[in-house]
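Single-structure report; data block below.
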Amino acid sequence: MIFRRKIKKILNMKLAWLLILVAVLFLYPVNTECSDTSQTVNCQEVAKIHSSVPSNLNKDISVLYLSCNHITLDKNDTVILCQYNNLSELYLNNNSIVVVSNYSFGKLSQLKILDVSNNYIKTVEKAAFAGLNELQILNLQNNKITTLNSDVFAELNKLKVLNLQNNFLKDFDVEVKFKSICIKLDGNVWTCSCDLLSLQHWLNSSTVITENENNTMCPIPVTLKEYPIKDTNTLNCKQMGISGTPVSSFTSMNTTYGTTYNYTNGPAYSGIRRIGKSWTFLMGVLAVILSTTALIIAAIKFPTWYRYLKSYNHRRLQEKEESELFEETFTPQLCMPSHTSETNEEESIVVFEQFRPYVPEDDGFIEDKYIDP
């Protein structure tokens, strides 16, 4: 009996909650269609999630909100968008776009604001924004863009705001000259090398306003993390005429810190230029070449030098033997002790004559060869 009462009580509570829910839905009905007010269509606050651009909207609308859906901007979406050729504002943020293909907005010649932020965009093709001659604001932030073609913004002559925040850009070769533009570049993985020379030249020489300039830095290399990309010194790149080849001598100068940073070798004191690895390698190769040459020359000349040394030693030995022989010949007579204090003159003469060579005496006669003997 008690068990039945508990079950009945639970069922009554569930019924009460169900009645409350029905009442709420009746008072606040959920909109399942895009709200259409005058020239603006809003499809971002509906219960129905769109996987493609709606095709049943008023073709004369000027503002279209398609945020927070699952639109991929494929070929079918491109065809449908071309029907709304009076659009001046298009919001496709927070969708599932991965690629912005060529001529995706080719028929929207009146478009002034395009927002494709917070998507999964990795590729922006060269002619993705072709035909948007009136575009003034382009938002590409919070995507996964790694590279941009230098001509991707070539036809956007009236562009005033370009947002490229929080992507994966390392460098950007810009060839478009805008009259005046505000650009946001922070949150990317800019690499301070000669590849960045074109972008730096564009930022410094043209009428460009870099928003969050002090936060637009190079995470790579680590030694230049505190320097904005506009302040890095690319003088060495200009002198070598390189635009697109990273070099080890890329430096950054800042008068506040008074320190010179080397791209490869890190910080160095001002006025000191460290020898790079290429110079060390060159010196090592030169040392090996010189030592090898010296060994080859020594191997070739060694027999000659050996014979010369041997003959020199032989001559020295021969001279030494002759000197010893001379001493043995003359020394006994000179050093012979005398038996008597008185020396006989005849003995001295005999000793002298003993070593005197024989010379025939001249008899005073001259031999004439014409006289017969």
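With mature numbering (1 follows the signal peptide of the UniProt record, and there is no 0) as the guide, the letters of the sequence shown map in order to residues -32 to -1, 1 to 341.
A virtual CB, placed ideally from N, CA and C, is assigned to each residue, including glycine.
Let me know if leucine 254 comes out buried or exposed under the rule of 16 or more other beta-carbons within 10 Å of its beta-carbon. So leucine 254 ends up on the exposed side.
Who are the near neighbours of isoleucine 65 in its chain, counting only those whose CB is closer than 8 Å to its CB and skipping five residues on each side? Ile39, Thr40, Leu41, Val84, Asn87, Tyr88, Ile89
Considering tyrosine 83, what are the terminal residues of the beta strand (DSSP E) in which it resides? The sequence shown places aspartate at residue 83, rather than the tyrosine named in the question. From DSSP, the beta strand (DSSP E) with aspartate 83 extends over 81 to 83.
For leucine 171, tell me which candidate among Val9, Val142, Val157, Asn110 has the shortest Cα-Cα distance. Distance check between leucine 171 and each of Val9, Val142, Val157, Asn110 places Val142 closest, using alpha-carbon atoms only.
Who are the near neighbours of asparagine 107 in its chain, counting only those whose CB is closer than 6 Å to its CB and skipping five residues on each side? Asp83, Ser85, Asn131
So is glutamine 51 buried or exposed if we call it buried at 16+ other beta carbons inside 10 Å? exposed
Mind checking who tyrosine 59 pairs with in its DSSP beta bridge? Tyr33, Asp83
Helix, strand or coil: how does DSSP classify valine 157 here? coil
Cβ-Cβ separation, threonine 114 to leucine 137 (assumed contact under 8 Å), whole Å: The beta-carbon separation of leucine 137 and threonine 114, rounded to 7 Å, stays under the 8 Å limit for a contact.
Could you tell me the alpha carbon to alpha carbon distance between valine 176 and asparagine 182, rounded to whole angstroms? 15 Å
Methionine 185 to aspartate 119, Cα distance in whole Å? 24 Å
Between leucine 49 and alanine 95, what straight-line distance do the alpha-carbon atoms span, to the nearest angstrom? 17 Å
At the level of alpha carbons, what is the spacing between aspartate 139 and isoleucine 151? Roughly 15 Å between the two C-alpha positions.
Under a three-way DSSP split, which group does cysteine 162 fall into? When secondary structure is reduced to three states using DSSP, cysteine 162 falls in the helix class.
With distance defined between alpha-carbon atoms, name the residue in Glu57, Leu167, Ile29, Lys43 nearest to serine 69. Lys43
Helix or strand or just coil, what does DSSP make of leucine 130? If DSSP states are grouped into helix, strand and coil, leucine 130 belongs with the strands.
What's the C-alpha gap between cysteine 11 and isoleucine 81? Spanning the two alpha carbons is a distance of roughly 17 Å.
Can you give me the start and stop residues for the alpha helix (DSSP H) that leucine 49 sits inside? 43 to 49
Looking at lysine 128 and isoleucine 105, is the spacing between their C-beta atoms short of 8 Å? yes
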